[in-house]
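First to last, the sequence lines map onto chains E and B.
The numbers in full-length UniProt numbering rise by one with no breaks, and the one at position 185 of the first sequence is 185.
The numbers in full-length UniProt numbering rise by one with no breaks, and the one at position 286 of the second sequence is 286.
Worksheet for the structure shown next.
Number of protein chains: 2
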Amino acid sequence: MAARIIDGKAIAKRYRAETARLVEEFAAEAGRRPALATVLVGDDPASQVYIGSKRKAATSVGIGDRHRELPAEASIEDIAGVLTELAADDEVSGILLQLPLPGGQDASALIDLIPSVKDVDGLTTQSTGLLARGEPGLRPCTPRGIITLLDETGIDLDGARAVVIGRSELVGRPMAQLLVNRNATVTIAHSHTADLPAVAREAEVLVVAMGRQEAVDDAFVAPGATVIDVGIHRTSEGLRGDVAFAEVAPIAGAITPVPGGVGPMTIETLLRNTLDAARLQAGLPLSDA
Amino acid sequence: MAARIIDGKAIAKRYRAETARLVEEFAAEAGRRPALATVLVGDDPASQVYIGSKRKAATSVGIGDRHRELPAEASIEDIAGVLTELAADDEVSGILLQLPLPGGQDASALIDLIPSVKDVDGLTTQSTGLLARGEPGLRPCTPRGIITLLDETGIDLDGARAVVIGRSELVGRPMAQLLVNRNATVTIAHSHTADLPAVAREAEVLVVAMGRQEAVDDAFVAPGATVIDVGIHRTSEGLRGDVAFAEVAPIAGAITPVPGGVGPMTIETLLRNTLDAARLQAGLPLSDA
């Protein structure tokens, strides 16, 4: 039996409508709208496209747009100044520093200038610590989006064996934490893992964030497993993931395609995080609490 | 063949001598000694004993003793005041707030007043975040002590299958992070895990922090596995661990006894963390970097 295809686009569309509804509800309750401050340094065309999509999406659900641009030659101090100003601004709910910075500067000290209640990317040390302790807070967008996909697909995580391949700060590590917090039994596998296919086959839920095109084939997947593909690779034949879809789909119970799986949820989670940031600052619980 | 017994007392003794040497080295280099500020609220006899042992151990390796006591009826503001004062005091390297607080008050907001460079218990949100990202920082004492035990026993963690049973903030979660940072393939198991013995048997390194007396028997242990027992239970026949030692020792490759296994290392790690706190504040790398 072929796997159920997890339709990220359809789930994202429903989720966005729900975000728009929750934003209106918040606005009615709090007397103001959430606002997202996006900070773009330099004029990298890809970054401009990404940040444009985020601003447009935010506006579409009634979130205020507070965009700031700095020239590529802006100093660390210049960027820090803008972030500090936005951190202190009561009208700004969420702050997003578009990465990477021009020149490949290390952004971690800058990101830590964002207060955890405004950290809509969930990347500050403080937010990472809250997640690692299972305490309420804003979570990194891609892993939080994957939890939404799993929930919307009706996958029961409680007690399930989950394997996360990859241990990046952005995806693998926070993904494992979110799965532990949802009571899954979680294995973190990575480049040093011995017999990776055998470890992956233990998974009822397999999240692949290796960054290697179509590296996960049918040898990695137990029959009926749910397979979440975080990879995105541009090829002459279109976008491909870390999972060899054609080989894995006949075995898996459910699988995300690339494109149209994990990708569409990331921006949706950013919007929900912005709402949640506004809720935290207003002393309200998180929207999914 | 019977398991090799991991002699925590002997390893702790060697480790303490090394800490004393490193403290002298630091004092010669920095022109001052590390100092540990211990904060005790109330007069719980067990807490008094614990904090007395810590102060004595610190003094024995040449770490300065800066003890503070507050009455049981001290308010949160009183305790916060002391912690803030110690945080600002350049002569204090490390700050330890003895837990639990009287009356079972939630200590997490108080702990977060300790700057991460003085956080010798490794329990602040900031320290938790640094660990979860694999960045340098002070680590919780029990898990860091376990890594030392494993290293001193010659266990190769790189690529090894490790299973941690338990997901507490104090032990299980940071233990899993430390093992990931050492390139182990790590599974986090807990009360919701299905078929816990089978999951545990996948381990080459099994860390048990369940808090249930002798709950782990031979069914949980693969032949030759290294078994680390974090449990401590007082019984009429003496101290017992989470592992049924007599049943597991014949199967395991190496095993920590209770008492005399993990326990003795915890205080040693506190001393090393205090040295490392002083090193961080002096702009020097961690002692094991």
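Glycine included, each C-beta is placed from N, C-alpha and C at the ideal position.
Values in this document were obtained by computation on a predicted structure and should not be read as measured data.
- Listed in chain order, the alpha helix (DSSP H) elements of length 4 or more contained wholly in the stretch 240 to 272 of chain E are 245 to 248.
- The beta carbon of L149/B lies closer than 8 Å to those of I6, G8, I11, I228, T256, G261, V262 and M265 in the same chain, with the five residues before and after it left out.
- T142/E has a beta carbon lying at 8 Å or more from every beta carbon in chain B.
- Between D90/E and chain B, the shortest Cβ-Cβ separation is not below 8 Å.
- For a Cβ distance threshold of 8 Å, nothing in chain B lies close to A58/E: the least Cβ distance comes to about 26 Å.
- The CB of L101/E never comes closer than 9 Å to any CB in chain B; the least such distance is about 18 Å.
- Between A87/E and I114/E, the C-beta gap is smaller than 8 Å, which places the two residues in contact.
- Taking a Cβ-Cβ cut-off of 8 Å, A215/E has no neighbours in chain B, whose nearest Cβ is about 17 Å from it.
- Under a 10 Å Cβ-count criterion, G129/B is classified as buried, with 16 or more other Cβ atoms of the shown protein chains found around its own Cβ.
- Think of a sphere of 7 Å around the beta carbon of Q126/E: the chain B residues whose beta carbon falls inside it are T125, Q126 and G129, in chain order.
- Contact between L138/B and V120/B holds, with the beta-carbon distance rounding to 6 Å and staying under 8 Å.
- With contacts defined by Cβ atoms closer than 8 Å, I232/B and G241/B form a contacting pair.
- Among the CB atoms of chain B, one or more fall inside 8 Å of the CB of A194/E.
- Interface annotation, T226/B: not in contact with chain E, CB-CB separation never under 8 Å.
- Distance between N183/E and A74/E, taken at the CA atoms: about 44 Å.
- For D158/E, the nearest beta carbon of chain B is closer than 8 Å to its own beta carbon.
- By the neighbour-count criterion, in which a residue is buried when 16 or more other Cβ atoms sit within 10 angstroms of its Cβ, G94/B is buried.
- A direct Cα-to-Cα measurement between Q98/B and L110/B gives close to 11 Å.
- Chain order gives the chain E residues near T185/B as T187, I188, A189, H190, H192, T193, A194 and V199, where near means a beta carbon separation below 8 Å.
- Excluding sequence positions up to five before and after A30/E, its CB lies within less than 6 Å of the CB of A282, all in the same chain and listed in chain order.
- Contact between the stretch 158 to 167 of chain E and the stretch 194 to 207 of chain E is present, with at least three C-beta pairs closer than 8 Å.
- A buried status is given to G172/B, since no fewer than 16 other beta-carbon atoms sit within 10 Å of its beta-carbon.
- Within a 10 Å sphere around the beta-carbon of S191/E sit fewer than 16 other beta-carbons, which makes this residue exposed.
- At least 8 Å separates the CB of A277/B from every CB of chain E.
- Within the stretch 13 to 33 of chain B, no residue places its CB atom closer than 9 Å to a CB of chain E.
- For A203/E, the closest Cβ of chain B is not nearer than 8 Å.
- Taking the CA atoms as reference points, I251/B sits about 51 Å from E268/E.
- A distance below 8 Å between beta-carbons, with the five flanking residues on each side excluded, links A3/E to the following residues of its chain, in chain order: V227, V248, A249, P250, I251, A252, G253, A254 and I255.
- Taking a Cβ-Cβ threshold of 8 Å, the residues of chain B close to V180/E are R167, R173, I188 and H190, in chain order.
- One thing to note: I76/E has its Cβ within 8 Å of the Cβ of Q105/E.
- Look at D276/E here: in three-state DSSP terms it is helix.
- With 16 or more other CB atoms across the displayed protein chains lying within 10 angstroms of its CB, V41/B is buried.
- By the neighbour-count criterion, in which a residue is buried when 16 or more other Cβ atoms sit within 10 angstroms of its Cβ, D65/B is exposed.
- Put simply, the backbone Cα of P45/B is about 21 Å away from that of P259/B.
- For T128/E, there is no enclosing beta strand (DSSP E); the enclosing alpha helix (DSSP H) covers residues T125 to A132.
- Selection V49/E, A80/E, V92/E and T38/E evaluated against V117/E yields V92/E as nearest (Cα-Cα).
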